[in-house]
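Chemist: Protein chains in written order, with the numbering used here: chain A, 75 to 184; chain B, 9 to 123.
Every residue, glycine too, gets a C-beta built ideally from N, C-alpha and C.
(1) Is the segment 70-84 of chain B in contact with the segment 36-50 of chain B, if contact means three or more CB pairs nearer than 8 Å?
(2) In the structure shown, what three-state DSSP assignment does residue 84 of chain A receive?
(3) Helix, strand or coil, according to DSSP, for residue 101 of chain A in the structure here?
(4) Is it buried or exposed for residue 150 of chain A, if we count other Cβ within 10 angstroms and need 16 for buried?
(5) Since residue 178 of chain A contacts residue 144 of chain A with CB under 8 Å, what's their CB separation in whole angstroms?
(6) Determine whether the Cβ of residue 117 of chain A lies closer than 8 Å to any Cβ atom of chain B.
(7) Hey, is residue 108 of chain A's beta-carbon within less than 8 Å of any beta-carbon in chain B?
(8) Classify residue 102 of chain A as buried or exposed, calling it buried when 16 or more other Cβ atoms lie within 10 Å of its own Cβ.
(9) Taking C-alpha atoms, which residue in B:10, B:13, B:26 and B:12 lies nearest to residue 121 of chain B?
(10) Considering only their Cβ atoms, is the gap separating residue 60 of chain B from residue 71 of chain B smaller than 8 Å?
(11) Answer with yes or no whether the minimum CB distance from residue 29 of chain B to chain A is below 8 Å.
(12) Sorry if obvious, but does the Cβ on residue 170 of chain A come closer than 7 Å to a heavy atom of the ligand GDP?
(13) Does the beta carbon of residue 95 of chain B come closer than 8 Å to any beta carbon on chain A?
(14) Within this structure, are the beta carbons of residue 11 of chain B and residue 96 of chain B separated by less than 8 Å?
(15) Quick one: Cα of residue 155 of chain A to Cα of residue 161 of chain A, how far?
(16) Identify, in the order they occur along the chain, each residue of the same chain with its Cβ nearer than 8 Å to the Cβ of residue 22 of chain B, setting aside the five sequence neighbours on each side.
(17) By DSSP, does residue 101 of chain B sit in helix, in strand, or in coil?
(18) For the segment 144-171 of chain A, enumerate the residues whose C-beta is nearer than 7 Å to any C-beta of chain B, in chain order.
(19) Check each candidate in B:98, B:49, B:53 and B:52 and name the one with the smallest Cα separation from residue 30 of chain B.
(20) Bridge partners of residue 65 of chain B, per DSSP?
(21) Helix, strand or coil: how does DSSP classify residue 106 of chain A here?
(22) When you compare the CB positions of residue 14 of chain B and residue 90 of chain B, do they come within less than 8 Å of one another, or not?
(23) Can you check whether the C-beta of residue 72 of chain B is within less than 8 Å of a C-beta belonging to chain A?
(24) Would you report the Cα separation of residue 115 of chain A and residue 62 of chain B, rounded to the nearest angstrom?
Have a look at this one:
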């Protein structure tokens, strides 16, 4: 079993729709959770971090965490073509290990 | 401006050679990481370090070595024991919930090719 698993893509949504990206993790000791965006050929960039159960909103992005279910998600509202990228979920343990999922590629069609 | 710098951007290695990838940060972050990314795949953790003079193996450490003699620097050596080293290598630094909030930055990456 992989430590971090993301829903297999690719995911395609029309412009203006909500994109939903999901991630599950296996280590119950994980404390910090991150979503990164990676454009083709570029380095990942951090877009959201979440530490407590519930929702965290930042502009058009909402991260959701459920530690009991070992599940974290990212919602992108009013999706734009510029949101087309690969989204990476990362899980960080108290021991300092930071593990990534394989990513989900999102395409937003105009 | 603070940031994280990797060099070189492109590197070619002959069979049997060791090569060292540089990673330098001026963000004052304690934690630093090395990842490998193969085409169409996610990031796999090679090594990580939480503090100077200490580091831990990640999930794919075989054939790699690191050092952390200074807070700012975390070089990665790809040894001849690494059988399939051609990949995109990414260095990152992390500061959890610091004065400026959570900060995580990646370098621009090094593309290593075995020739």
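Modeler: Let me lay it out:
(1) Pairwise C-beta distances place the segment 70-84 of chain B in contact with the segment 36-50 of chain B, as three or more of them are shorter than 8 Å.
(2) If DSSP states are grouped into helix, strand and coil, residue 84 of chain A belongs with coil.
(3) Here residue 101 of chain A sits in coil by DSSP.
(4) Counting Cβ neighbours within 10 Å, residue 150 of chain A comes out buried, since at least 16 surround it.
(5) The pair is not a contact, with the Cβ atoms about 17 Å apart (cut-off 8 Å).
(6) For residue 117 of chain A, the closest Cβ of chain B is nearer than 8 Å.
(7) Yes - at least one Cβ of chain B is within 8 Å of the one on residue 108 of chain A.
(8) Classification of residue 102 of chain A: exposed, given that the 10 Å Cβ count is below 16.
(9) Nearest of B:10, B:13, B:26 and B:12 to residue 121 of chain B, Cα basis: B:26.
(10) In this structure, residue 60 of chain B does not lie closer than 8 Å to residue 71 of chain B by Cβ.
(11) Chain A contact via Cβ: absent.
(12) By its list of ligands, the structure shown contains no ligand whatsoever, and the ligand GDP lies outside what it can speak to.
(13) No - not a single Cβ of chain A is within 8 Å of the one on residue 95 of chain B.
(14) For residue 11 of chain B and residue 96 of chain B, no; Cβs fall outside 8 Å.
(15) When rounded, the separation of the alpha-carbon atoms in residue 155 of chain A and residue 161 of chain A is 14 Å.
(16) Once the five neighbours on either side are set aside, the close Cβ partners of residue 22 of chain B are 122 and 123.
(17) Strand, per DSSP.
(18) Hits within the stretch, in order: 162, 170 and 171.
(19) Closest in alpha carbon position to residue 30 of chain B, among B:98, B:49, B:53 and B:52, is B:98.
(20) According to DSSP, residue 65 of chain B bridges with B:55.
(21) Reduced to three states, the DSSP call for residue 106 of chain A is strand.
(22) Taking 8 Å as the Cβ cut-off, residue 14 of chain B and residue 90 of chain B do not qualify as a contacting pair.
(23) By this cut-off, residue 72 of chain B is not an interface position.
(24) Going from the Cα of residue 115 of chain A to the Cα of residue 62 of chain B covers about 31 Å.
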